[in-house]
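Quick note, the sequences are listed as chains A and B, same order.
For the first sequence, position 54 (counting from the first letter as 1) is numbered 54 according to our numbering, and the numbering increases by one without interruption.
To get our numbering, take the position in the second sequence, counting from 1, and add 205.
Structure record follows, encoded as structure tokens.
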Amino acid sequence: MKFEIRRLAQDVFSVLKKNWFKLLSASILRTLLATLANMLVFALLINFPFWNLVAASLTYLLVWSALESGFLRMCLCATRSQTVRFGQLFSGLNQTPVFFILTLSYILATAVGIIAFVIPGMFICIRFSIAGLILIDKSVSLTESVKSSYQLTLGYSRLIAPLLLIGATLMFSSIQIQFIIELVVTIALVVLYLQINEKTKAVPK
Amino acid sequence: MKTLLSITGMLILNFIATFVFSILWSVPCEVRQIKSLSMLPTLKPNDLVFVEKFSPYFNHSFKRGEIVLFYPDFLNAKEKNTWQKMQLAIARIKGETGELAHFRRIAGLPGDVVEIYCPSSKIILPPNIQNQISSNPTDLLNGGSLVKISYRGQEALSQEQKCVGRYAIVKGYLFLIGDNTDYLGILEETKIFGRPQFRFSDFNIIEPQGTNKFFISKEERSQ
Chain A
1 MKFEIRRLAQ DVFSVLKKNW FKLLSASILR TLLATLANML VFALLINFPF
51 WNLVAASLTY LLVWSALESG FLRMCLCATR SQTVRFGQLF SGLNQTPVFF
101 ILTLSYILAT AVGIIAFVIP GMFICIRFSI AGLILIDKSV SLTESVKSSY
151 QLTLGYSRLI APLLLIGATL MFSSIQIQFI IELVVTIALV VLYLQINEKT
201 KAVPK
Chain B
206 MKTLLSITGM LILNFIATFV FSILWSVPCE VRQIKSLSML PTLKPNDLVF
256 VEKFSPYFNH SFKRGEIVLF YPDFLNAKEK NTWQKMQLAI ARIKGETGEL
306 AHFRRIAGLP GDVVEIYCPS SKIILPPNIQ NQISSNPTDL LNGGSLVKIS
356 YRGQEALSQE QKCVGRYAIV KGYLFLIGDN TDYLGILEET KIFGRPQFRF
406 SDFNIIEPQG TNKFFISKEE RSQ
């Protein structure tokens, strides 16, 4: 395992240089649609205090998940130097339920782990960070993607941990450039995933 | 050159999106911290309250006994030009004007007559919207209720207290009172911009307390 930080940065930058507009616009559109759906549910359930907030948050996550799979597909294409089409953002709608369950479980498990003792949360966050990518790229089942993510990230924590940690810190501290940071972290994860995937042939088909 | 253009383009697109989202995210709700004692015991200092801001846009009808959030000087921007007004409107949506917003409970709705009772008559009465001291308060009722409130919201009405003011609430106005202190007054409905939904400390939903907060007899209500 000798992925250099500089090489990773160069790869991410070259991907962004070619496709920044499509990827950044897709990322913003995904968040915009999720936010609008969230606001709509919040407004419709205005007479149910607290539960309207819960329902709106779940709706946000549902719409976000529906579009995130398409967005990751765009990132995968961009990283593989394939043609990136804006329509790909909506290409993963059929995987919405599975991706929603995966995202929700990932967020809840990470949050519970961090609230419990911090380290378990970080462990979950790192080891299952590429489960979504495997789910989309390999078209495997939910459990297989989680297992593969756990296996593939073994030994790569030293590279993924700082990436996620720096990304999360920058996201919260520099909210003005959150979309760029989110995009950079996602592309970096995709680049890492493809590099790990090349080296390891343990991914189920 | 192309690299520089890419970075600049990304930053511009990001800043536009961030600006739009900062407004969007602050339209439906916001979190407010309580800083005064005026709504004790319902809202304590340092309580974090989740406030929804949609219902005032939808002309959601107000209920007696519910708590609302308002800026006392909201929309008083007559001396400002269009650009300044737009900036002020955006800042107000985002809650960044530096103005103090207040939580108060609705005691009187349009059509109601509110009677204020106090042991002494030396109190500062709210702005006079339609103050008519009449021997028969039902003369003033306009399809509403007769609401009797003590000067201090927490104190029960008693025989010793005298009626020091009688207000007929006209259309478009509300009579508001703090749960704890003597903060009371009449406010235009348009100045209200939010309703608290729950406290983050215990996730207790803040519901309207109805008429039990104020003294309204059955006979008086039926009149």
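Think of the CB as a built atom: it goes at the ideal place given N, C-alpha and C, for glycine as much as any other residue.
Quick caveat, the model's predicted, so the values are computed rather than measured.
Alpha carbon of A:Leu29 to alpha carbon of A:Arg85, nearest angstrom:
Here residue 29 of chain A corresponds to residue number 29 of the first sequence, with the count starting at 1. Here residue 85 of chain A corresponds to residue number 85 of the first sequence, with the count starting at 1. Each residue's Cα considered, the two are about 14 angstroms apart.
Report yes or no: is there a C-beta of chain A within less than 7 angstroms of the C-beta of B:Gln292?
For the purposes of this step, residue 292 of chain B is identified with residue 87 of the second sequence, where counting begins at 1. Judged by the 7 angstroms Cβ criterion, B:Gln292 is not in contact with chain A.
Taking three-plus beta-carbon pairs below 8 angstroms as touching, is the region 75-95 of chain A in contact with the region 52-60 of chain A?
no
Starting from A:Tyr60, follow its DSSP beta bridges and name the residues at the other end.
Position 60 of the first sequence holds residue 60 of chain A. For A:Tyr60, which the question treats as bridged, DSSP gives no partner whatsoever.
Just the C-alpha distance for B:Leu280 and B:Leu274, rounded to the nearest angstrom, thanks.
Taking the second sequence and counting its residues from 1, one reaches residue 280 of chain B at position 75. Taking the second sequence and counting its residues from 1, one reaches residue 274 of chain B at position 69. Low local confidence applies: a pLDDT of 47 at B:Leu280 is under 50, so the model's placement there is unreliable, with the coordinate-based value given in what follows. Looking at the two C-alpha atoms, the distance is approximately 14 angstroms.
Which of the three DSSP states, helix, strand or coil, is assigned to B:Gly249?
The residue given as residue 249 of chain B occupies position 44 in the second sequence. The sequence shown places Lys at residue 249 of chain B, not Gly. Correct three-state label for B:Lys249: coil.
I want to see whether chain B comes within less than 7 angstroms of A:Asn74, judged by CB atoms only; does it?
To locate residue 74 of chain A, count along the first sequence from 1; it is residue 74. The amino acid at residue 74 of chain A is misidentified as Asn; the sequence shows Met. Output row for A:Met74: interface = no.
Looking only at DSSP bridge pairs, what is B:Val236 linked to?
Sequence index remark: in the second sequence, residue 236 of chain B carries index 31 (1-based). In the DSSP output, where bridge partners are listed per residue, B:Val236 has B:Phe255.
Under 7 angstroms, do A:Leu142 and A:Val112 count as touching if we go by C-beta distance?
For this step, residue 142 of chain A is matched to residue 142 along the first sequence. For this step, residue 112 of chain A is matched to residue 112 along the first sequence. Taking 7 angstroms as the Cβ cut-off, A:Leu142 and A:Val112 do not qualify as a contacting pair.
Nearest by alpha-carbon distance to A:Leu194: which of A:Pro162, A:Arg73, A:Phe179, A:Ser173 is it?
One-based indexing of the first sequence puts residue 194 of chain A at position 194. Here the closest residue by C-alpha is A:Arg73.
Residues in the same chain with beta-carbon distance under 6 angstroms from A:Asp11, minus the five sequence neighbours each way, listed in chain order, please.
By one-based count along the first sequence, residue 11 of chain A stands at place 11. Here the set comprises Val191.
Below 8 angstroms on C-beta distance, what does A:Ile46 contact in chain B?
Looking up residue 46 of chain A in the first sequence gives position 46. The answer, in chain order, is Glu257, Phe259, Ser260, Phe263, His265.
Three-state secondary structure assigned by DSSP to A:Tyr193:
As a working mapping, residue 193 of chain A is identified with position 193 in the first sequence. In this structure, A:Tyr193 counts as helix in the three-state DSSP scheme.
Taking 8 angstroms as the cut-off, does the region 231-244 of chain B touch the region 212-222 of chain B (at least 3 CB pairs, one atom from each stretch)?
no
Please confirm whether B:Ser231 has its beta-carbon closer than 7 angstroms to some beta-carbon of chain A.
In the second sequence, residue 231 of chain B corresponds to position 26, counting from 1. Not closer than 7 angstroms to any Cβ of chain A, the Cβ of B:Ser231 fails to qualify, so no.
Run through DSSP, which three-state label would A:Ala26 get?
Counting from 1 along the first sequence, the entry for residue 26 of chain A is found at position 26. If DSSP states are grouped into helix, strand and coil, A:Ala26 belongs with the helices.
Counting pairs of Cβ atoms below 8 angstroms between the region 255-268 of chain B and the region 393-400 of chain B, do you hit three or more?
yes
Are A:Thr79 and A:Leu152 closer than 7 angstroms when you measure CB to CB?
Residue numbering aside, residue 79 of chain A sits at position 79 when the first sequence is read from its first letter. Residue numbering aside, residue 152 of chain A sits at position 152 when the first sequence is read from its first letter. Not closer than 7 angstroms, so no.
Reduced DSSP secondary structure (H/G/I, E/B, other) of B:Val271
Reading the second sequence from its first residue, position 66 is the one you call residue 271 of chain B. Looking at the sequence itself, residue 271 of chain B is Glu, so the reference to Val does not match. Reduced to three states, the DSSP call for B:Glu271 is coil.
Where does B:Leu210 sit, in a helix, a strand or coil, going by DSSP?
Taking the first residue of the second sequence as 1, we reach residue 210 of chain B at position 5. It is helical.
Residues near A:Thr31 in its chain [Cβ-Cβ closer than 8 angstroms; skip 5 each side]:
As a position in the first sequence, residue 31 of chain A is number 31, starting the count at 1. Result list for A:Thr31: Trp64, Phe179, in chain order.
Just tell me which of A:Leu163, A:Val54, A:Ala56, A:Ile101 has its CA closest to the CA of A:Val184.
Translated into positions along the first sequence, residue 184 of chain A becomes position 184. Nearest option by C-alpha distance: A:Leu163.
Please identify the residue among B:Asn409, B:Pro413, B:Phe405 whose C-alpha is closest to the C-alpha of B:Asn251.
Indexing the second sequence from 1 puts residue 251 of chain B at position 46. The shortest Cα separation from B:Asn251 among B:Asn409, B:Pro413, B:Phe405 belongs to B:Phe405.
Which residues mark the beginning and the end of the alpha helix (DSSP H) in which A:Phe99 is found?
Position 99 of the first sequence, counted from the start, is the residue given in the question as residue 99 of chain A. Run containing A:Phe99: 96-117, per the alpha helix (DSSP H) assignment.
Going by DSSP, what residue range makes up the beta strand (DSSP E) through B:Lys367?
By one-based count along the second sequence, residue 367 of chain B stands at place 162. 367-373 is the extent of the beta strand (DSSP E) around B:Lys367.
Helix, strand or coil for A:Gln151 per DSSP?
In the first sequence, counting from the first residue as 1, residue 151 of chain A sits at position 151. The answer is helix: DSSP assigns A:Gln151 an H, G or I state.
When the distance is taken between beta carbons, is B:Leu381 closer than 7 angstroms to B:Gly390?
Here the question's residue 390 of chain B lines up with position 185 in the second sequence. Here the question's residue 381 of chain B lines up with position 176 in the second sequence. Yes; because the gap between Cβ atoms is below 7 angstroms, this pair is in contact.
Can at least three beta-carbon pairs, one atom from the region 168-182 of chain A and one from the region 128-148 of chain A, be found at a separation below 8 angstroms?
no
Pick helix, strand or coil for A:Ile46, following the three-state DSSP scheme.
One-based indexing of the first sequence puts residue 46 of chain A at position 46. It is coil, neither helix nor strand.
So, using beta-carbon positions, are B:Ile374 and B:Ala312 closer together than 7 angstroms?
In the second sequence, the residue the question calls residue 374 of chain B occupies position 169. In the second sequence, the residue the question calls residue 312 of chain B occupies position 107. Not in contact: B:Ile374 and B:Ala312 (Cβ atoms no closer than 7 angstroms).
Which residues share a DSSP beta bridge with B:Leu381?
Mapped onto the second sequence, residue 381 of chain B falls at position 176. BP columns for B:Leu381 point to B:Ile311, B:Gly390.
Quick check on B:Pro413: does DSSP put it in helix, strand or coil?
In the second sequence, counting from the first residue as 1, residue 413 of chain B sits at position 208. B:Pro413: coil per DSSP, three-state reduction.
Note down the Cα distance separating B:Glu320 from B:Lys367, rounded to an integer number of angstroms.
As a position in the second sequence, residue 320 of chain B is number 115, starting the count at 1. As a position in the second sequence, residue 367 of chain B is number 162, starting the count at 1. About 10 angstroms.
Can you tell which of A:Lys17, A:Val41, A:Arg6, A:Ser27 has its C-alpha closest to the C-alpha of B:Ser211?
Looking up residue 211 of chain B in the second sequence gives position 6. The option with the nearest alpha carbon to B:Ser211 is A:Lys17.
Under 7 angstroms, do A:Ile187 and A:Cys75 count as touching if we go by C-beta distance?
On the first sequence, position 187 is the one that residue 187 of chain A refers to. On the first sequence, position 75 is the one that residue 75 of chain A refers to. Closer than 7 angstroms, so yes.
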